[in-house]
Amino acid sequence: MKKVTMTHYMELLATNQPWNLIIFMAIPVILAETVAITELFILFKRDTGSGIRKLNKVAGIIGGFYFLGVFIYLFFNAVIPLTTKGGWRGIGDIIAVGFYLSGVVPLMGMALLELGAIYKNKTPEQKMFLHAVFVAIFLAVAHIAMIFGMLNPELLMVGGGNMNM
């Protein structure tokens, strides 16, 4: 029977069940999806003051800083060791982990926007537009990470074996 190889992305989620799945997938996705769903209502109604907007704001701030913590932890405990020891399982593995971690950019962008640290002197419409752009970017990178994360990394390997970077 052939051993099934998985990306480090999937291995992380499958290890230490259910905790890694909760910490690295459920919490960030619940916060991000809360932002995405409430964003639709806000954009449709041009709502800037209701409870839905407050939920969107709180989920955006918490999600951004939570994922910054995930990013820092995984960067130092996974990315650097995998890179220095040549432990990557091919380009699909790198894409999955890289796109997962790149989610920190739009999520922190949302958090900083909500806190008024960026785009301070813009109109509410301009801020709403940038917020929606951050949501769209996060959804795109998260789905790319999931697609490549679920792929058997051997399918994209040339010559087999681990990659030395």
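Read in full-length UniProt numbering, the sequence shown has 96 at position 96, and its numbers run on one by one without any break. Built from N, CA and C at the ideal position, the CB exists for glycine as well.
Within the continuous alpha helix (DSSP H) that includes methionine 150, where are the two ends? In the sequence shown, the residue the question calls residue 150 occupies position 150. Here the alpha helix (DSSP H) through methionine 150 covers 124-150.
Using a Cβ-Cβ distance cut-off of 9 Å, determine whether alanine 32 contacts chain D. Going by chain labels, chain D is absent from the structure shown, which holds only one protein chain.
State the Cα-Cα distance for the pair methionine 25 and tyrosine 100, rounded to the nearest angstrom. Along the sequence shown, one-based indexing puts residue 25 at 25. Along the sequence shown, one-based indexing puts residue 100 at 100. Straight-line spacing of the CA atoms in methionine 25 and tyrosine 100 works out to 10 Å.
Given this structure, state the Cα-to-Cα distance separating isoleucine 91 from leucine 21, to the nearest angstrom. Position 91 of the sequence shown, counting from 1, holds the residue named residue 91. Position 21 of the sequence shown, counting from 1, holds the residue named residue 21. Within the model, the alpha-carbon separation for isoleucine 91 versus leucine 21 is close to 23 Å.
Any contact between the segment 151-160 and the segment 106-124? By contact I mean 3 or more CB pairs, one from each, below 8 Å. The segment 151-160, when compared against the segment 106-124, does not touch it at the 8 Å Cβ threshold.
What does the alpha-carbon distance come out to for the pair asparagine 164 and phenylalanine 41? By 1-based counting over the sequence shown, the position of residue 164 is 164. By 1-based counting over the sequence shown, the position of residue 41 is 41. In this prediction, asparagine 164 has a pLDDT of 49, which is less than 50 and means its spatial position is unreliable; nothing more can be read from the coordinates.
Given threonine 38 as reference, the closest of Ala117, Val135 and Gly64 once Cα atoms are compared: Translated into positions along the sequence shown, residue 38 becomes position 38. Ranking Ala117, Val135 and Gly64 by Cα distance to threonine 38 puts Val135 first.
Lysine 54: buried (16+ other C-beta within 10 angstroms of its C-beta) or exposed? Taking the sequence shown and counting its residues from 1, one reaches residue 54 at position 54. When all chains shown are included, lysine 54 counts as exposed.
DSSP puts tryptophan 19 in a beta bridge; with which residues? Counted from its first residue, the sequence shown places residue 19 at position 19. Beta-bridge partners assigned by DSSP to tryptophan 19: none are found.
How should arginine 89 be labelled, buried or exposed, when 16 other C-beta atoms within 10 angstroms of its C-beta is the threshold for buried? Numbered from 1 along the sequence shown, position 89 holds the residue referred to as residue 89. Buried.
Spatial neighbours of lysine 127 in its chain, beta-carbon cut-off 6 Å, leaving aside the 5 residues before and after: As a working mapping, residue 127 is identified with position 127 in the sequence shown. Taken in chain order, the residues that qualify are Tyr119.
Please state the DSSP three-state secondary structure of asparagine 164. Counting from one through the sequence shown, the residue named residue 164 turns up at place 164. Low confidence applies here, because asparagine 164 scores a pLDDT of 49, under 50, leaving its location unreliable; read the following figure in that light. It is coil, neither helix nor strand.
Endpoints, the alpha helix (DSSP H) within which methionine 110 is located: As a first step, residue 110 must be located in the sequence shown, where it is residue number 110. Run containing methionine 110: 104-114, per the alpha helix (DSSP H) assignment.
Beta-carbon proximity list for residue 167, same chain, < 7 Å, skipping 5 on both sides: Since the first residue of the chain shown is 1 and the last is 165, residue 167 is not available in this structure.
Could you give the C-beta distance for proline 106 and phenylalanine 138, rounded to a whole number, given that I count them as a contact under 8 Å? Residue 106 sits at position 106 when you count from the first residue of the sequence shown. Residue 138 sits at position 138 when you count from the first residue of the sequence shown. That belief holds up - the Cβ atoms of proline 106 and phenylalanine 138 are roughly 4 Å apart, short of 8 Å.
Ordered along the chain, which non-local residues of its own chain (more than five positions away) have a Cβ less than 7 Å from that of glycine 103? Counted from its first residue, the sequence shown places residue 103 at position 103. Correct list, in chain order: Phe67, Phe138, Val141 and Ala142.
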